[in-house]
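Reviewing the structure listed below.
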Amino acid sequence: MNKNKEIIVLDHKRSNAINIGMTKLPPPRSIKTAILKMDATIMNREGIE
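Going by full-length UniProt numbering, the sequence shown opens with residue 1, and the numbers climb by one from there.
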(Lines of atoms letter the chains of each structure in order from A and count residues from 1; the text may use other names and numbers.)
(Lines give C-alpha, C1' and ligand atoms only; values in the text may rest on other atoms or scores of the structure.)
Protein backbone atom coordinates (compact mmCIF):
# COMPACT_ATOMS: atom_id res chain seq x y z
CA MET A 1 0.00 0.00 0.00
CA ASN A 2 1.61 3.16 -1.24
CA LYS A 3 0.15 6.34 0.21
CA ASN A 4 0.98 9.65 -1.39
CA LYS A 5 2.25 12.20 1.07
CA GLU A 6 1.62 15.88 0.60
CA ILE A 7 4.72 17.99 1.04
CA ILE A 8 4.12 21.57 2.15
CA VAL A 9 6.97 23.88 1.23
CA LEU A 10 5.43 27.23 2.20
CA ASP A 11 3.11 27.99 5.05
CA HIS A 12 -0.32 29.40 4.24
CA LYS A 13 0.52 32.98 5.24
CA ARG A 14 3.66 33.14 3.07
CA SER A 15 1.84 31.56 0.13
CA ASN A 16 -0.90 34.19 0.31
CA ALA A 17 1.67 37.01 0.46
CA ILE A 18 3.37 35.68 -2.68
CA ASN A 19 0.05 35.38 -4.51
CA ILE A 20 -0.90 38.95 -3.63
CA GLY A 21 2.48 40.20 -4.84
CA MET A 22 2.19 38.30 -8.10
CA THR A 23 -1.21 39.81 -8.89
CA LYS A 24 0.39 43.26 -8.87
CA LEU A 25 2.88 42.30 -11.59
CA PRO A 26 2.10 42.13 -15.30
CA PRO A 27 2.11 38.71 -17.02
CA PRO A 28 5.56 37.11 -17.47
CA ARG A 29 5.55 37.67 -21.25
CA SER A 30 4.98 41.38 -20.71
CA ILE A 31 7.79 41.51 -18.17
CA LYS A 32 10.25 39.96 -20.63
CA THR A 33 9.21 42.38 -23.38
CA ALA A 34 9.43 45.37 -21.02
CA ILE A 35 12.94 44.39 -19.94
CA LEU A 36 14.18 43.83 -23.49
CA LYS A 37 12.69 47.13 -24.71
CA MET A 38 13.52 48.98 -21.46
CA ASP A 39 9.86 50.04 -21.38
CA ALA A 40 9.03 51.71 -18.05
CA THR A 41 5.34 52.04 -18.91
CA ILE A 42 4.72 48.31 -18.46
CA MET A 43 6.77 47.82 -15.32
CA ASN A 44 8.14 50.67 -13.25
CA ARG A 45 10.57 50.70 -10.34
CA GLU A 46 7.80 50.90 -7.71
CA GLY A 47 6.11 47.86 -9.21
CA ILE A 48 9.27 45.81 -8.86
CA GLU A 49 10.07 46.84 -5.30
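Positions of the beta carbon are idealized from the N, C-alpha and C atoms, including for glycine.
Given the structure is predicted, the values throughout are model-derived calculations rather than measurements.
Same chain, Cβ closer than 6 Å to residue i, neighbours up to 5 away in sequence not counted
i, result
"A34", "I42, M43"
"K32", "none"
Cutoff 8 Å; reference residue i; Cβ partners in own chain excluding five residues on either side
i, result
"L10", "I18"
Spatial distance of residue i from residue j (CA atoms)
i, j, result
"residue 112", "I7", "Outside the modelled stretch of the chain, which goes from 1 to 49, sits residue 112, for which no answer is possible."
"N2", "S30", "43 Å"
"D39", "R14", "30 Å"
"P26", "L36", "15 Å"
"T23", "H12", "17 Å"
"I4", "P28", "The residue asked about is misnamed: residue 4 is Asn in this sequence, not Ile. So the two alpha carbons sit approximately 32 Å from each other."
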